[in-house]
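With full-length UniProt numbering applied, the sequence shown covers 1 to 280.
Where is the CB? At the ideal position from N, CA and C, for every residue including glycine.
All values derive from a computational prediction rather than experimental measurement.
Beneath this line is the structure, given in structure tokens, with notes to follow.
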Amino acid sequence: MEAEAKAKSPGGATRLRILNHERKLLQSTTQASKANLVVTKDGSGHFRTIQAAIDAAARRRGSGRFIIYVKRGVYGENIEVGINNNNIVLVGDGMKDTIITSSRSVGRGYTTYSSATAGIDGLHFVARDITFSNIAGPLKGQVVALRSASDFSIFYRCSFVGYQDTLMVHAQRQFYKWRNIYSTIDFIFGDVAVVFQNCAIYVRRPLKGQANVITAQGRNDPYQNTGISVHNSRVSAPPDLKPVLRGFKTYLGRPWMQYSRVVFMKTYIDKLVSPVGWSK
């Protein structure tokens, strides 16, 4: 039995499905006793860092779901889930309580790709109740909080915080539900089949002379079934932008490639978005 995401990709050919056992996992209360490994700041778990737990999971036998419970705390590290490290589940204590953060940026010599606080490549990755943050700031150029190329990956009740290029939906098929994203330029960028459902998109105050752009979709082939769907969500301004709304333009997206494709449906769009909708 499967449960379908009600918003499908703009191409129509690819639907994102959540298996019933995955849906139960997302909705369950996962505590330390139910996890395969526990990460804590104080050393009371199996590991003190998330990457150490991910590396241990890569050495396991079998290929079933492997749950890593990350207890509340701010984890200053960059994490990578390798292409052969499949079925990893990261579960935190909530968006405000379990935070993964770093400050890599293009301004400090990293590429956009390598600036990511978290890079996910293994299949069927799931994250729940976690914030992924890049605190490099608006002066440092591209600062990715999450880069995902994980096929059939799910991010549930997660938050993504940054400025330019916060969320790199790099490849494959992805699903995001009940999540927050804070950013300025090209919040969500890449060429994938991705659905954002029941999400809050917060447009932060950019640098002087900049405009905010929520999406930059990279479809360059008319036969690709990729695109960004934003469904039943909300686009609004956080406190730092509200007092200066008239000083900055905000667009739903820009055509990054020749066949860029983005859909906002059944979504509340606040007055901060330019009436023209899309930038050139």
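Whether residue i touches residue j by CB criterion (7 Å)
i: V126; j: I83; result: no
i: G122; j: S150; result: yes
i: D191; j: G218; result: yes
i: T101; j: I50; result: no
i: G107; j: T98; result: no
i: residue 314; j: F264; result: Lying before the first or after the last residue shown, residue 314 is absent from the chain, which here runs from 1 to 280.
Exposure label - residue i; buried when at least 16 CB within 10 Å
i: D75; result: Rather than Asp, the amino acid found at residue 75 in this sequence is Tyr. Buried, because 16 or more other Cβ atoms sit within 10 Å of the Cβ of Y75.
i: T111; result: exposed
i: D221; result: exposed
i: P34; result: Pro is not the amino acid found at residue 34; the sequence shown has Lys there. With fewer than 16 Cβ atoms within 10 Å of its Cβ, K34 is classed as exposed.
i: G253; result: buried
i: S183; result: buried
Separation of residue j from residue i, as counted between CA atoms
i: R179; j: S159; result: 5 Å
i: S236; j: I54; result: 35 Å
i: Y69; j: Y202; result: 28 Å
i: F187; j: R72; result: 26 Å
i: G62; j: R205; result: 47 Å
i: S9; j: Y223; result: Reliability fails at S9, whose pLDDT of 47 lies under 50, so the model's placement of it is uncertain and the value that follows must be treated cautiously. Taking the straight line from one Cα to the other gives about 13 Å.
i: A143; j: M95; result: Reading off the sequence, residue 143 comes out as Val, not Ala. If you take the alpha carbons of V143 and M95, they lie about 20 Å apart.
i: W278; j: G137; result: 25 Å
i: K271; j: L37; result: 45 Å
i: G11; j: G64; result: Any answer about G11 is weak, because its pLDDT of 48 lies below 50 and its placement is not dependable; what the coordinates show is given next. Each residue's alpha carbon lies about 31 Å from the other.
8 Å Cβ shell around residue i - same chain, five flanking residues per side excluded
i: R147; result: Y113, A116, A118, G119, I120, M168 and H170
i: F189; result: D165, L167, M168, V169, T215, A216, Q217, G218 and W256
i: A57; result: N36, L37, F66, I68, N85 and I88
N- and C-terminal bounds of the alpha helix (DSSP H) containing residue i
i: I135; result: Counting along the chain, I135 falls outside any alpha helix (DSSP H), and DSSP gives it neither H nor E.
i: A56; result: I50 to A58
Beta-carbon contacts of residue i that lie in its chain and below 6 Å, excluding the five residues immediately before and after
i: E80; result: G119
i: A13; result: Reliability of the predicted coordinates at A13 is poor, the pLDDT of 40 falling under 50, and no value is obtained from them.
Residue i - containing beta strand (DSSP E), residue span
i: D186; result: I185 to G190
i: Q217; result: N212 to Q217
i: A193; result: A193 to Q197
i: V235; result: R234 to S236
i: P255; result: T250 to P255
Proximal residues to residue i (C-beta, below 7 Å), its chain only, five neighbours per side dropped
i: Q258; result: N220
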